[in-house]
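Numbering (my numbering), first residue to last: 1327 to 1655.
And the structure:
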């Protein structure tokens, strides 16, 4: 893959994915406990609680340390994630938008917010929605960041998606740790709190930007003005892999160097794959498969169009999704 293609893939992964201890101890499922109830409690906690802490993210033989501040107040919700090692960067999510501050590029990227997830890489989960393609079960107890945790196993029913193991805080219901597992059950990515403080007294302003952006270029991606599934290009999905569907009926358009790019998210309720459809360029487009840790990508050309699928799913899955895009006259 060329360096230009790597840069293009990095930008697509950043747009689509923006942006989880100790081993389980002995313990069984307590009477009256239910996976549905734990997931509902987790979803409420991520939306309604103010908290701050530090995260360790292990992936692709790399370790990243992140600071996270999540605040709620006056019906508003905002979250800031700041890298503490490696290249400095910051992601701020509020009710309306996702802002990425990239000092290395001297740029600020602003995208409309999709979904309402809080914990990195984790959207609100529904046991009913997931049960067709995943098996869900309670799997004992553990400790993460000095806090007691209940372990939930989410195992795929096929090899088209990764498994997940969630550690949920017994006291508050917040996710403390997330293991992403391959087909053999081995971790391919892990993110967990090393420190967590839940504090309703954290002011809303504490989750605002902490990096200086004076002199930075602004890249703003507005929601497309088109109606449901109206596109600049004539294309559609022929057949998506089992369990996957278009996340919503809005195709986002954005103008890049005078050309239109269209972006839609495909999901099975847990795994999310971004699909980009754009005009074919002379060079720099991804062709074939690529993988960076848990993130897989597949690019292909069709006539004058370029299709790129990227997300936290096996390479075979993103290939099937990319190949499901069909252009029509």
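Here a beta-carbon is modelled for each residue, glycine too, at the ideal position from N, C-alpha and C.
CB contact flag (residue i, residue j, <8 Å)
| i | j | result |
| --- | --- | --- |
| residue 1567 | residue 1507 | no |
| residue 1477 | residue 1489 | no |
| residue 1485 | residue 1615 | no |
| residue 1461 | residue 1483 | yes |
| residue 1436 | residue 1452 | no |
| residue 1603 | residue 1623 | no |
| residue 1530 | residue 1402 | yes |
| residue 1515 | residue 1620 | yes |
| residue 1542 | residue 1459 | no |
| residue 1594 | residue 1487 | yes |
| residue 1632 | residue 1607 | yes |
| residue 1369 | residue 1450 | yes |
Close-in-space but distant-in-sequence residues of the same chain around residue i (CB under 8 Å, 5 per side omitted)
| i | result |
| --- | --- |
| residue 1525 | 1376, 1377, 1378 |
| residue 1361 | 1453, 1462, 1463, 1464, 1478 |
| residue 1357 | With a pLDDT of only 42 at residue 1357, under 50, the local geometry of the prediction cannot be trusted, and the value read off the model is given with reservation. Cβ neighbours of residue 1357 beyond the five flanking positions: none. |
| residue 1374 | 1398 |
beta-carbon residue i near the ligand HEM non-hydrogen atom, thresh 7 Å
| i | result |
| --- | --- |
| residue 1618 | The ligand HEM is absent from the structure shown, which contains no ligands of any kind. |
Rounded separation between residue i and residue j - CA only
| i | j | result |
| --- | --- | --- |
| residue 1601 | residue 1642 | 15 Å |
| residue 1546 | residue 1425 | 9 Å |
| residue 1565 | residue 1510 | 27 Å |
| residue 1406 | residue 1418 | 4 Å |
| residue 1500 | residue 1618 | 28 Å |
| residue 1432 | residue 1650 | 36 Å |
| residue 1473 | residue 1371 | 15 Å |
| residue 1397 | residue 1533 | 6 Å |
| residue 1313 | residue 1528 | Because the chain here runs from 1327 to 1655, residue 1313 falls outside it and cannot be looked at. |
| residue 1505 | residue 1655 | 44 Å |
| residue 1496 | residue 1367 | 10 Å |
| residue 1653 | residue 1592 | 18 Å |
| residue 1644 | residue 1629 | 20 Å |
| residue 1382 | residue 1390 | 6 Å |
| residue 1475 | residue 1420 | 27 Å |
| residue 1560 | residue 1544 | 30 Å |
| residue 1563 | residue 1540 | 42 Å |
| residue 1571 | residue 1599 | 10 Å |
| residue 1513 | residue 1388 | 13 Å |
| residue 1455 | residue 1365 | 12 Å |
Residue(s) in a DSSP beta bridge with residue i
| i | result |
| --- | --- |
| residue 1479 | 1463, 1491 |
| residue 1408 | 1393, 1416 |
| residue 1515 | 1385, 1506 |
| residue 1641 | BP columns for residue 1641 are empty, so no partner. |
| residue 1570 | In DSSP, residue 1570 forms no bridge with anything. |
| residue 1545 | 1435 |
| residue 1528 | For residue 1528, which the question treats as bridged, DSSP gives no partner whatsoever. |
Beta-carbon proximity list for residue i, same chain, < 6 Å, skipping 5 on both sides
| i | result |
| --- | --- |
| residue 1522 | 1379, 1471 |
| residue 1393 | 1380, 1408, 1410 |
| residue 1413 | 1430 |
| residue 1613 | 1625 |
| residue 1416 | 1408, 1427, 1537 |
| residue 1352 | Any reading at residue 1352 must be qualified, since the residue scores a pLDDT of 35, below 50, and its modelled position is unreliable; the value itself is stated next. Around residue 1352: no qualifying Cβ. |
| residue 1648 | 1624, 1626, 1633, 1635 |
| residue 1480 | 1460, 1462, 1490 |
Sequence-distant residues of the same chain with beta carbon closer than 7 Å to residue i, five excluded per side
| i | result |
| --- | --- |
| residue 1498 | 1371, 1375, 1524 |
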